[in-house]
């Protein structure tokens, strides 16, 4: 791993071993240092040092648990597009990201909009959230949402790094 700068911002370049370690953990975050070492040809200690370096340099933010929402009791998932007054965007994002149903929140390019992903027990809970938490926030000009009917893939992780080559060309 090398740390470089681009436009006065540090960034990390990963070698093929770092990429392989990240791909392995993306598939199974519980994989042991020893098992990772066998896959990449390093000792357990060398893997541990590389992982610590990836964490210290902000490449790996956390080791998390992926939970299927339905068996956990959240039967309604929705995507929201929230139009906001530009001067209120940061304040609204700070407020909304602390709401328990909100699992993802992004600012997208274009007009002042926030894209939100939320999980709810049912339609009654979502309606209550909209009426008591979201619609009452000053600075929101419009809320549009789509309820997920069927989820084909839910991989909220980094795509496989492999050799970090472009998969698609124009």
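In my numbering, the protein residues as written are 61 to 230. Just so you know, even glycine gets a beta-carbon here, dropped at the ideal spot from N, CA and C. Note that the structure is a prediction, hence the values are computed from the model and not measured.
- Message: Using a 10 Å radius around the Cβ and a threshold of 16 neighbouring Cβ atoms, would you call residue 140 buried or exposed?
- Response: buried
- Item | Paired residues, beta bridge with residue 173 - DSSP | 143
- Message: Per DSSP, what are the beta-bridge partners of residue 206 in this structure?
- Response: 139
- Which residue spans inside the segment 77–163 form an unbroken beta strand (DSSP E) run of at least 3? 136–144
- Task: With a 10 Å radius around its C-beta and 16 neighbouring C-beta atoms as the bar for buried, classify residue 176 as buried or exposed.
- Result: buried
- Task: Report all residues from its chain with a CB closer than 8 Å to the CB of residue 137; omit the five preceding and five following residues, and keep chain order.
- Result: 129, 177, 178, 179, 180, 207, 208 and 211
- Message: Which of the three DSSP states is assigned to residue 190 in this structure?
- Response: helix
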